[in-house]
Amino acid sequence: MEPEYRLHYAPDNASLIIRLVLEELGRPYECVLVDRRAEAQNSAAYRALNPNGLIPVLETPDGPLFETAAILLWLSERHGALAPQPGNADRAAFLKWLVFASNTLHADLRMLFYPEKYIGDAAADQAQLQKVLRQRLQLHLTHLDQAAAGRPSWLGAPQPSVLDYYLACQMRWMALYPAQADKSWFALSRYPSLQRLCAGLESRPAVTAAREAEGLGATPFTSPAYANPPEGSAT
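Under numbering that gives the first Met the number 0, the first residue of the sequence shown is numbered 0, with each subsequent residue one higher.
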């Protein structure tokens, strides 16, 4: 079958979320590796697709898309799946938590992982910023765990949503990165509803396909290990 989409990716980057959703949707796609070690994301060719130089980009019949939440929302609407559709009473709740996952949770994670991009190279300043961010992230996760407790159709339900995959990947990264930092602040078991969500996803064929493609190990969400991809680099 001719590929419907082209995903520009790096292993265990935000492109993983899009790969998982494309697998769940069963849509034909091809992958183009963005070599982060060679800083290919800063090349003129890549910035023509995403001027911000961030991963992922999804090339679609409507043109290239960037920003993870925008891609997820576009895919869910185009294929009428993995999210409450316009007109559904659950749509409002889904949208507010999807935007929260993108604008608040993901934004805080980027600052935690790359503090030097926000406040410079002073170690003391970075340590203070990261301390505050860890406290914020714990609160974010508590709120999300409460939202998932009732198993709404768009969060932790038997059939996954794009938000499920977005959150599962972010919790994976909390357990692993920054690689040399103290990560005792995060324990998935403190958030039982989110832990259930992650465990449920791991048995899905979409996750099997993605973890094999990117070398993520048998339990990529509940007990993650660093990626050992067959090609490229996660960092």
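The beta-carbon is built from N, C-alpha and C at its ideal position, and this holds for glycine as well. Here the structure is a predicted model, which means the values were calculated and not measured.
Taking the alpha helix (DSSP H) that residue i belongs to, which residues open and close that run?
i: T67; result: T67 to H78
i: T103; result: First-last for T103: undefined, no H or E at that position.
i: I207; result: What sits at residue 207 in the sequence shown is Thr, not Ile. Counting along the chain, the alpha helix (DSSP H) containing T207 begins and ends at P204 to E213.
Taking a contact to mean a Cβ-Cβ separation below 7 Å, would you say residue i touches residue j in this structure?
i: L32; j: E201; result: no
i: I70; j: L57; result: yes
i: R109; j: W184; result: no
i: S101; j: A147; result: no
For residue i, count neighbouring C-beta atoms within 10 Å of its own C-beta (all shown protein chains included) and say buried if the count is 16 or more, exposed if not.
i: E23; result: buried
i: I54; result: buried
i: Y164; result: buried
i: M0; result: exposed
i: G149; result: exposed
i: V131; result: exposed
i: N12; result: buried
Starting from residue i, trace the beta strand (DSSP E) both ways and give me its first and last residue.
i: L6; result: Y4 to Y8
i: L32; result: Y28 to L32
i: L57; result: V56 to T59
State the Cα-Cα distance for the pair residue i and residue j, rounded to the nearest angstrom.
i: S222; j: L136; result: 19 Å
i: A167; j: L6; result: 20 Å
i: N227; j: L21; result: 21 Å
i: A209; j: A43; result: 28 Å
i: R18; j: A88; result: 28 Å
i: A156; j: A178; result: 32 Å
i: L154; j: A217; result: 23 Å
i: S152; j: R90; result: 10 Å
Under 7 Å, Cβ to Cβ, is there at least one residue of chain D near residue i?
i: L166; result: Absent from the structure is chain D; it holds one protein chain and no more.
*asked:* Quick check on the DSSP output: what are the complete alpha helix (DSSP H) runs of length 4 or more inside the region 114 to 151, in order along the chain?
replied: 115 to 118 and 122 to 148
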